[in-house]
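Structure first, commentary second.
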Amino acid sequence: MAVDIRIPVLVQDPVAASERSIPLMEWVHLRSEDVVLDGPVSPRVAVLDLDASTGRLRRGARFQSSEQEGTPGTFLLKDPKQLDAADVIQVSVFGAVLRTMEMFEEDDALGRKVCWAFEGSQLLVVPQAGEWANAFYQRESRSLQFFYFRHPLLSGRGEERIYTCHSQDIIAHETAHAVLDGILPDLYHALSPQALALHEAVADLTAALAAFRCRPLVRQVLRTQGGSIASSGAFSAIGEQFGQALGNKSHLRDLLNQKTLKPIDGGKPEDVVTSLEPHALSEVLSGTLYSVLLRLHEALKDEFARKRQARMSLVAPTETARQTPEDAPEPPLAHQGFVAEDAWQEARRRVSGKALAVATSRFKRSLYRGLDYLPPGEVSFADLGRAILAADEAAHPDSGEPRAWLCQEFVRRGIVKHPVELRARTNFAHPSLSRVDLDTLAKSDWAAYDFANRHRGFLRIPRGRSFHIAPRLVVEKLSYAGGEHAKRRVRECIFKVSWKVDEPDEVPSGELPDWRQVTFGTTLVIDCATRRVRVLLTSDRSETRKVERDGMLRKLLDEDLLRVGDEALGPDGKQLCGAIQAEISGGVLRVVGTAHMLHMVEERRYRNGGG
Amino acid sequence: MAALRVRTYSARFGDTLLVSVPDQDADTGLTTVRHVLVDAGNLLPDEDGVDPAFHPVLEDVLAQLGGAPLDLYVLAHEHLGHVKGPPPREPLKLRHAWLTASAAPDYAEQHHESARQLAERRALYDDLREYCRLRPEAARGSVPSLLLGNDYRKAEARAEFLRRSAERAHYLSRDASLMEMHPFKEATLKVWAPEVETREYAGRVFPVALGLERRPGGEVSLHVPGPPAGVDASAFYNLLKWRRQGTGDDLIAIDAAAKNTSIVFSLEWRGWRLLFAGDAGARSWKVMKQRDVLRPVHFLQVGDHGTPDEAILDAILPMEGADGRQRYAVSSEGNGVSRLRSRCTASTPPKGALYVDLMFEDVERQQVPPRLRRAVPARAHGLRGLTRGGGKRRA
Ligand SMILES: [Zn+2]
Chain X
17 MAVDIRIPVL
27 VQDPVAASER
37 SIPLMEWVHL
47 RSEDVVLDGP
57 VSPRVAVLDL
67 DASTGRLRRG
77 ARFQSSEQEG
87 TPGTFLLKDP
97 KQLDAADVIQ
107 VSVFGAVLRT
117 MEMFEEDDAL
127 GRKVCWAFEG
137 SQLLVVPQAG
147 EWANAFYQRE
157 SRSLQFFYFR
167 HPLLSGRGEE
177 RIYTCHSQDI
187 IAHETAHAVL
197 DGILPDLYHA
207 LSPQALALHE
217 AVADLTAALA
227 AFRCRPLVRQ
237 VLRTQGGSIA
247 SSGAFSAIGE
257 QFGQALGNKS
267 HLRDLLNQKT
277 LKPIDGGKPE
287 DVVTSLEPHA
297 LSEVLSGTLY
307 SVLLRLHEAL
317 KDEFARKRQA
327 RMSLVAPTET
337 ARQTPEDAPE
347 PPLAHQGFVA
357 EDAWQEARRR
367 VSGKALAVAT
377 SRFKRSLYRG
387 LDYLPPGEVS
397 FADLGRAILA
407 ADEAAHPDSG
417 EPRAWLCQEF
427 VRRGIVKHPV
437 ELRARTNFAH
447 PSLSRVDLDT
457 LAKSDWAAYD
467 FANRHRGFLR
477 IPRGRSFHIA
487 PRLVVEKLSY
497 AGGEHAKRRV
507 RECIFKVSWK
517 VDEPDEVPSG
527 ELPDWRQVTF
537 GTTLVIDCAT
547 RRVRVLLTSD
557 RSETRKVERD
567 GMLRKLLDED
577 LLRVGDEALG
587 PDGKQLCGAI
597 QAEISGGVLR
607 VVGTAHMLHM
617 VEERRYRNGG
627 G
Chain A
84 MAALRVRTYS
94 ARFGDTLLVS
104 VPDQDADTGL
114 TTVRHVLVDA
124 GNLLPDEDGV
134 DPAFHPVLED
144 VLAQLGGAPL
154 DLYVLAHEHL
164 GHVKGPPPRE
174 PLKLRHAWLT
184 ASAAPDYAEQ
194 HHESARQLAE
204 RRALYDDLRE
214 YCRLRPEAAR
224 GSVPSLLLGN
234 DYRKAEARAE
244 FLRRSAERAH
254 YLSRDASLME
264 MHPFKEATLK
274 VWAPEVETRE
284 YAGRVFPVAL
294 GLERRPGGEV
304 SLHVPGPPAG
314 VDASAFYNLL
324 KWRRQGTGDD
334 LIAIDAAAKN
344 TSIVFSLEWR
354 GWRLLFAGDA
364 GARSWKVMKQ
374 RDVLRPVHFL
384 QVGDHGTPDE
394 AILDAILPME
404 GADGRQRYAV
414 SSEGNGVSRL
424 RSRCTASTPP
434 KGALYVDLMF
444 EDVERQQVPP
454 RLRRAVPARA
464 HGLRGLTRGG
474 GKRRA
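Line by line, the protein sequences are chains X and A.
If you read the first sequence in our numbering, its first letter stands for residue 17, the second for the next number, and so on.
If you read the second sequence in our numbering, its first letter stands for residue 84, the second for the next number, and so on.
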């Protein structure tokens with residue numbers, strides 16, 4: 017029995033909120049937790065407000081359960097305007113973490129509760145973890161930790177304390193790392209730069225999606241920007257307060273970018289990303305996906321200016337029906353012929369809120385469902401492209417225009433050479449599934465192993481390799497086909513198999529073995545009702561990715577991050593936090609915990625950036 | 084024939100070298116043998132005196148000086164961590180003393196950001212030491228020796244002692260103008276490192292939540308909270324453990340930052356270039372490379388973990404020497420010596436020997452490789468417990 021709670025959450029961060037003159041706080045309803053206690057503590061999220069300097073645990077905010085039927089429970093705050101008061105920090109962080117989790121869990125996205133990559137059900141959240149200009153998710157400690165740092169006041173007199181937990185995008189970003197770790201646990205040890213960058217990109221895109229959920233912000237931006245988000249950093253700029261305090265730029269990263277993997281006609285040289293550093297590389301992927309969202313928003317404004325429904329090839333009517341905000345206007349130019357430019361733009365502006373709601377929902381749905389479709393092990397940007405395309409098709413079989421745009425953008429940004437590389441066969445029958453009992457396949461490990469073993473070729477498992485099968489997921493998601501009432505629930509079984517491969521290690525160091533171990537895998541998605549294959553995706557095993565892994569290993573060596581065996585241990589014999597561990601067995605190198613590179617900012621940056 | 088001599092004392096006695104240079108004054112034509120002592124900070128006494136184990140080294144240095152003051156003393160790196168005994172009978176007289184730039188009394192006024200970071204590292208050091216005192220089981224492995232070796236208060240006392248005992252103390256960083264900072268007329272000295280801004284060397288420090296509670300009276304206690312209602316106890320304590328996990332990283336970072344401020348300098352004499360690198364670590368080498376100060380040398384002295392990586396060695400000890408002269412390296416420990424061997428003659432004082440000598444002869448008139456003198460066995464100095472070592476032969 018879920019508890020209904022209503023709690024305040026900060027809007028963006030204090031600096032961004034005041035720059036855009038929007039309220040600092042927003043009250044949100046949450047109903048995904050079965051129990052809520054003081055702290056706040058719930059079965060899935062526990063805020064632990066540890067005082068970094070004394071080691072004491074600050075008293076958690078007091079929960080006030082619902083006093084009468086139909087009213088939500090809440091927390092007793094001394095003064096909700098006191099942003100650095102412990103109770104306000106505790107409650108708003110709790111709200112922001114849960115809100116992000118719920119975004120993944122909605123029935124049109126993952127359609128299930130997220131599960132963590134660690135044992136136990138609770139994600140521990142430390143909102144004032146200590147003095148440092150950073151924030152991170154750490155699987156080993158099952159926690160999100162948000163640090164604070166001192167920053168000189170503009171007046172030149174004194175300092176202020178900047179809390180990373182005041183930034184909604186930072187909270188959403190770190191929460192997304194935790195959720196993603198549950199969905200794709202192999203990425204925690206991935207060596208491919210693109211795999212790690214993918215973690216970053218999804219975390220940043222989640223931060224943007226969380227900002228789109230914030231009504232006062234959306235209203236304010238659309239009002240001041242003439243109904244456009246194409247030139248506002250309100251949603252796309254990640255870590256505004258943080259970035260400004262570090263003094264580098266107005267933000268840490270921006271999804272509204274023109275970054276490419278290769279030089280392109282008319283592109284700027286500085287937009288070509290050659291770095292293998294995950295944060296820098298992530299901007300190419302997040303920029304690619306974000307630009308498709310922008311394009312959909314613009315196209316929907318054109319449509320909604322004249323019609324209640326957009327053309328079917330863009331979005332399905334059922335999609336629009338679900339996402340249309342209550343205050344959406346009727347099409348301003350319905351039944352009108354040619355109109356003057358002013359009137360046209362005004363009409364587009366008036367429907368921009370509706371268009372944004374529909375566009376961002378579509379975007380979130382396809383991105384998060386795509387994550388479920390990604391193969392286990394190492395992955396590439398192109399893998400995510402294929403997974404999103406398949407997921408988008410499953411969810412919107414009759415609205416393929418945005419998919420074509422996505423392909424174009426992947427090509428334009430140099431992620432793939434040709435759209436054909438993004439094509440994966442979808443919705444087909446396969447003899448391997450004709451006699452399988454899907455229920456048994458989902459429940460019995462033995463049946464799953466037997467199935468994989470008999471269909472190695474189909475699942476692309478190399479001959480003679482042992483493999484690992486993840487617990488199968490049977491999930492129900494919404495599908496929005498054409499036609500007025502074509503919204504329906506579809507059950508699918510997600511079957512993931514992975515195997516380890518030794519690849520030659522061509523890093524000229526002389527210190528490492530000639531071989532290293534990497535994980536590849538296949539995800540098979542089966543439509544439970546039709547027993548057809550929704551899609552079958554296998555990790556990108558191209559030579560380019562392999563060369564990039566060489567580069568990553570060289571980078572880790574150069575930066576003295578990679579430590580083999582006992583060298584990863586500190587003077588006290590415990591594992592070093594700042595090292596990425598490597599083990600050698602049987603002449604093969606295995607690297608673990610590369611995700612430790614995914615702190616909010618790359619370490620080099622804060623080291624030089626002060627704060 | 085005139086020869087420059089590098090006497091490397093056994094690693095047991097710290098990374099200490101005595102360099103004796105026949106230095107000719109072009110104006111007078113007179114040659115004076117001048118002595119430079121490159122010391123890791125073990126020979127000079129501090130408030131606790133001097134380690135009796137170093138007495139034989141000190142006595143040998145005094146014997147070489149023959150009553151004259153030491154021309155130049157270079158405090159390469161302040162590595163402490165030795166038990167001290169009473170001061171020696173005869174103190175060392177010093178003319179010039181070189182200390183790293185950040186040891187200057189007015190450093191904090193000139194370099195705010197570096198000084199702020201230094202102060203932060205010191206506060207962290209104090210916390211870690213306090214924590215290990217209150218929870219002795221945390222002081223495992225090499226933690227105690229790292230704590231001892233990085234005691235900044237002792238290092239400050241050492242610097243203070245040098246200020247008082249040397250005729251002149253200088254605080255050096257890269258490209259310092261060495262005018263009047265040393266007594267040489269003929270040999271030329273050049274400082275390669277450190278940078279004056281020590282923040283260049285700040286390593287990865289992880290915030291650690293040790294649970295130290297400082298009370299107004301200065302009393303410190305350790306506080307371990309319990310899990311609140313609804314939170315799994317083992318997950319809670321696991322979190323606390325991970326929040327302390329950076330302790331090891333931090334000790335290493337504190338140690339590396341100090342070692343990287345080692346004075347690295349070259350000495351050129353009649354076509355020979357000798358490099359004394361103290362305990363400079365990877366980061367210091369990296370900065371030297373960035374600042375384009377690396378040049379091929381004929382002699383390299385490196386400290387504990389100081390053997391630089393291949394790219395750096397390519398710059399200072401390329402596989403092929405440029406002028407056909409023999410090249411040498413001394414390193415206090417076995418660590419990394421094998422990598423040096425492919426490039427030059429790497430030597431360490433043999434077991435049981437007090438020192439090993441390298442002679443760099445004036446070959447401008449006559450082409451002769453430097454002589455490697457047989458190590459003098461410690462027994463000759465009346466030191467018990469040391470066996471006669473088999474010194475290296477002539478190259
Ligand atoms: Zn991140």
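By construction, the Cβ of each residue, glycine as well, lies at the ideal position given by its N, Cα and C atoms.
Being a predicted model, the structure only gives us computed values, none of them experimental.
Check                                                                                                                                 : Outcome
The stretch 166 to 177 of chain X / the stretch 344 to 363 of chain X touching (three or more Cβ pairs under 8 Å)                     : no
Check: X:L212 C-beta below 7 Å from any heavy atom of ligand 1                                                                        : no
Any non-hydrogen atom of ligand 1 closer than 7 Å to A:A312 Cβ                                                                        : no
Candidates X:V604, X:Q98, X:A219, of which the one nearest X:L614 by Cα                                                               : X:A219
Distance cut-off 7 Å: X:A219 Cβ against heavy atoms of ligand 1                                                                       : yes
8 Å contact criterion, which X:E394 and X:S208 should meet: CB distance rounded                                                       : 5 Å
Nearest neighbour of X:I510, chosen from X:I186, X:P279, X:V549 [CA to CA]                                                            : X:V549
Touching by the beta-carbon criterion (3+ pairs, under 8 Å), the stretch 528 to 535 of chain X and the stretch 442 to 455 of chain X  : no
Near ligand 1: X:H193 beta-carbon under 7 Å from a heavy atom                                                                         : yes
Closer than 8 Å to chain A by CB, X:K493                                                                                              : no
One or two residues paired with X:S514 in a DSSP bridge                                                                               : X:H484, X:G537
From X:L277, X:E519, X:E118, residue whose alpha carbon lies closest to that of X:S298                                                : X:L277
Given X:F91 as reference, the closest of X:E216, X:A356, X:Q84, X:G76 once Cα atoms are compared                                      : X:G76
Residues that X:F165 bridges to, as DSSP identifies them                                                                              : X:I178
Same chain, Cβ closer than 6 Å to A:Y92, five either side skipped, listed in chain order                                              : T99, V140, Y438
Sub-8 Å separation of A:A249 and A:A159 beta-carbons                                                                                  : no
For A:R282 and X:R623, the rounded distance between their alpha carbons                                                               : For X:R623, the predicted structure reports a pLDDT of 36, less than 50, and the residue's modelled location is therefore unreliable. The matter cannot be settled from this model.
C-beta atoms of X:A224 and X:S183 nearer than 8 Å                                                                                     : no
One or two residues paired with X:S82 in a DSSP bridge                                                                                : Answer by DSSP bridge pairing: none, since X:S82 is not bridged.
The stretch 240 to 252 of chain X contacting the stretch 404 to 413 of chain X, beta-carbon criterion three pairs below 8 Å           : no
Validate contact between the stretch 227 to 234 of chain X and the stretch 151 to 164 of chain X using beta carbons, cut 8 Å, 3 pairs : no
Residue(s) in a DSSP beta bridge with A:Y411                                                                                          : A:F382, A:T428
Under the three-state DSSP convention, the category A:P219 falls into                                                                 : helix
Proximity below 8 Å, CB of X:F110 to CB of X:V142                                                                                     : no
Straight-line gap, X:L46 to X:S108 (C-alpha atoms, nearest Å)                                                                         : 12 Å
Collapsed DSSP secondary structure at X:W421 in the structure displayed                                                               : helix
Proximity test, X:E299 beta-carbon vs ligand 1 heavy atom, cut-off 7 Å                                                                : no
Contact test: X:L614 Cβ vs ligand 1 heavy atom, cutoff 7 Å                                                                            : yes
A:F296: contacting residues in chain X (beta-carbon distance under 7 Å)                                                               : A quick correction: the sequence has Glu, not Phe, at residue 296 of chain A. Neighbours of A:E296 on chain X, chain order: T70, G71.
Exposed unless 16 or more other CB atoms sit within 10 angstroms - verdict on X:F354                                                  : exposed
Anticipated Cβ contact below 8 Å, X:T376 with X:L330, distance rounded                                                                : Not a contact, Cβ separation roughly 14 Å.
Pairwise C-alpha distance: X:R565 and X:A12                                                                                           : Here chain X has residues from 17 to 627 only, and residue 12 of chain X is not among them.
Proximal chain A residues relative to X:R60, where beta-carbon distance stays under 8 Å                                               : The contacting residues do not exist; X:R60 stays about 11 Å from chain A at best.
Residues that X:C509 bridges to, as DSSP identifies them                                                                              : X:V490, X:I542
Backbone secondary structure at X:G55 - three-state DSSP                                                                              : strand
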